[in-house]
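Structure first, then comments.
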Amino acid sequence: IPRNADPNIAPAGWRNVLLERGPEGWAAAVREHRESRGVLLTDTSMRDAHQSLIATRMRTHDMLKAAPATAHILQNAGSLEMWGGATFDVALRFLHECPWKRLELLREKIPNIPFQMLLRGANAVGYTTYADNVVNEFVLEARRAGVDIFRVFDSLNDIDQLKFGMDAVRAADGVIEGTICYTGDVTNPAGTKYTLDYYLNLADQLVAHGTHALAIKDMAGLLKPRAATLLIGALRERFPDVPIHVHTHDTAGTAVATQLAAAAAGADIVDCCIDSMSGTTSQPSMGAIVHSLHGTELDTGINPESLLPLIDYWDGTMQLYSPFMSTLRSPSSEVYYHEMPGGQYTNLKFQAQSLGLGSEWNKVKNAYAAANRALGDIVKVTPSSKVVGDLAQFMVSNAIEDEHTLVERAESLSLPSSVVEFLQGHIGHPVGGFPEPLRSRVVKDKPVIDGRPGASLAPVNMNDLHTALREKHEGCKITHRDLLSAAMYPKVFDEYKAFQGLYSKDVASLPTRAFLAPLDVDEDVDVELSQGNVVHIKYKAKGELQPNGMREVFFEANGIPRVVEVRDTNKADAGKTSKLQIREKADTSDVGSVASPMSGEVIDVKAKPGTSVKAGETLVVLSAMKMETSVAAPCSGTIKHVAVIKGDQVDAGDLLVSINAVDGAAEETAEGAAEPVSA
Ligand code: MN
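Position 326 (the sequence shown) corresponds to 318 in this note's numbering; numbering is contiguous.
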């Protein structure tokens, strides 16, 4: 906090403009500012930067520490992007903290800078289409909890989906930032799909639908400086009164140049993040942009020197999260070939490693490009990027070399459910329509959705949901925000609540060092149990593992020796008390011996011993990280043996089910027999 400033009073910023003048007045003021004063910055450090670099693992604890200084140093920023995208489910799923509380706590400490969230239109903050009432209520509650600006996009640039999301924001009285996802290359004269005309036409529709601002969302960092000049210049000329906001990633290393070009071409607000969280798959460095524009007619209004303490703080904080750090150490222009969004690059690499595909990472990248071609060259951003990523991992696991082989064998493959559902129209309609013959071969006689997917979904009855949750989590208070979390992520929410029930104190107050990894002997941490009530904890030793799987843990709390008994969930030790699972491998020479196509968890078992089954029927459903796959019967016959139960962990090649194939069935599918996954 600057020396002459009062740390308890945040100086007036752009949120004050918004509060006084409303969304339309804000838009006019932003345009006027660009013409007379300079360009505004959006700081993505608390959302996209950590989503893109450390798999979204930044905890509220660490953000709150930076909040008061942020309110002062970035008082002239256009906005802080700090909510939505993947932050919502990661908070519940991995950080065991409430995403709503993060929003509220930060709002308290930063009342002067507009808060911005990333809203996946009809997909809200999830990976699927939600009922209209869920999305509407979610947006309303986000607005109440502190979000000012909603960047509304659709993962396929589907205008019907976009309009629905924009209407939800309008009803909540938020700033609508109608968003165009950028892919391809507008400067490529050979490009026929994602051309300048295509983008201008989409912008026309967003402006006609009453957007307060237009955003260009370059999620993979494909917008080269020359493309920014061309695209932003054309948009500026066409819409003189609409603020233009540009988002990009530095994957190839061009992002600072791109944002400077965008600003020069007329952009009002450009996205960047604190230097120590910038670069590669993240946003461009704020310091680089602030210094570059300092003293020019595009000055950002941010004092370059004042940024240094924030840069230092985030530098130190990022070190804590090094286990999650993307291993991309330098820019990589190969992004122009695989077109993987920044956040997905980190996440997919992390997933590939945990699926045992780590060494196959190069294959995943090539397969990603091939999967995109197979799906018709679609816009790739969550959730459509997940469809491409799932298909890419599937192709690698099953040694499917290219898109031609995939299309050829499409009818007999157990494709990930996300891919099947995409082809059924569950997440909307891709630019230029669905790919054929792939769609017909995969969808077969499954139902397809023609219009906006949400239009055909029954509303979720919030009262019924409330009753159900109260029964499930006896004794726990279920708030309206809990209801919305549960409507988005039922299973994740249940686990989050169960975890909360397990510990008497909120783990959100643990220092990140102690949250992420076990303490060493004699290592100590300070934990704030409640405001001002800090306890100094020093880890001393652990006792022998008991036959019941429990262990005594010795520590000191404020110097006083204490002991607690905890369950040892460590895998290596757990084997001593529960029998080690050694799984039978499937017999690749037997068509009825059905193998797991990947490592993961069994989440549903449909096959029952003794029953008859037809080729193509689902036997087992697997989940690996966020990917769900149905394993289908490779042949008709009788189920001889089911080797797994719900909850089992399996590796690729493990036996799931064996089938006594009926005569002739083996012949039908003989060509697939050598491939454990073909069905
Ligand atoms: Mn992004």
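Yeah, the Cβ is synthetic: ideal placement off N, Cα and C, and Gly gets one too. Predicted, not measured: the structure shown is a model, and the values here were computed from it.
- In this structure, L95 keeps its C-beta atom at 8 Å or more from the C-beta atom of V131.
- Under DSSP, no beta-bridge partner is assigned to R431.
- With three or more CB-CB distances shorter than 8 Å, the stretch 105 to 124 counts as touching the stretch 56 to 76.
- One thing to note: T240 has its Cβ within 8 Å of the Cβ of G213.
- Here the distance from the Cβ of H241 to the nearest heavy atom of ligand 1 is below 7 Å.
- Between the alpha carbons of Y328 and R321 lies a gap of roughly 18 Å.
- Close to ligand 1, as judged by a C-beta nearer than 5 Å to any of its heavy atoms, are the residues D40 and M211, in chain order.
- In this chain, the alpha helix (DSSP H) harbouring H396 covers E395 to R401.
- Nearest C-alpha to K606 among I651, E620, C468 and G639: I651.
- Taking the Cα of E544 as reference, the smallest distance to any Cα among S274, N550, V558 and K532 is reached at V558.
- Residue state for T250 is assigned as helix, using DSSP reduced to three classes.
- Comparing C-alpha distances from W353 to each of V388, D382 and G368 shows the shortest one belongs to V388.
- Counting C-beta atoms within 10 angstroms of its own C-beta, E89 has 16 or more neighbours from the protein chains shown and is therefore classed as buried.
- Taking a contact to require three or more Cβ pairs closer than 8 Å, the stretch 60 to 72 and the stretch 28 to 39 qualify as touching.
- When secondary structure is reduced to three states using DSSP, K534 falls in the strand class.
- Within the DSSP bridge table, the entry for K341 names no partner.
- Residue burial is scored here from C-beta neighbours: I1 has fewer than 16 other C-beta atoms within 10 angstroms and is therefore classed as exposed.
- The DSSP-derived three-state label of G225 is helix.
- With a minimum length of 3 residues, the unbroken runs of beta strand (DSSP E) contained wholly in the stretch 39 to 115 fall at 71 to 76 and 107 to 111.
- The criterion of a C-beta distance shorter than 8 Å is not satisfied by T272 and V282.
- Ranked by Cα distance from K185, the options V371, D582, L449 and P626 are led by V371.
- In the structure shown, the three-state DSSP call for Q197 is helix.
- Setting aside the 5 residues that flank it on each side, V144 is surrounded in the same chain by L111, G113, L154, G157, M158, V161, I168, E169, G170 and T171, each with a C-beta closer than 7 Å to its C-beta; the list follows chain order.
- Pairing I261 with V452 gives a Cβ-Cβ distance that is not under 8 Å.
- Contact between L87 and R51 holds, since their C-beta atoms are separated by about 5 Å, short of 8 Å.
- The beta-carbon distance between D177 and A220, rounded to whole angstroms, is 11 Å. This is too long to meet the 8 Å contact definition.
- Contact holds between the stretch 527 to 543 and the stretch 502 to 514, because three or more Cβ pairs, one in each stretch, are under 8 Å apart.
- When Cβ pairs closer than 8 Å are counted between the two stretches, the stretch 237 to 255 is seen not to touch the stretch -6 to 14, the count staying below three.
- In this structure, DSSP gives E352 a helical state, which the three-state scheme calls helix.
- Here the stretch 121 to 135 lies against the stretch 446 to 462, with 3 or more beta-carbon pairs under 8 Å apart.
- For G551, the closest of V527, G535, E289 and V356 by C-alpha to C-alpha distance is V527.
- Of the candidates I208, L98, A578 and K57, the residue whose Cα lies closest to the Cα of W306 is K57.
- Using a 10 angstroms sphere on the CB of H64, the tally of other CB atoms reaches 16 or more, which defines it as buried.
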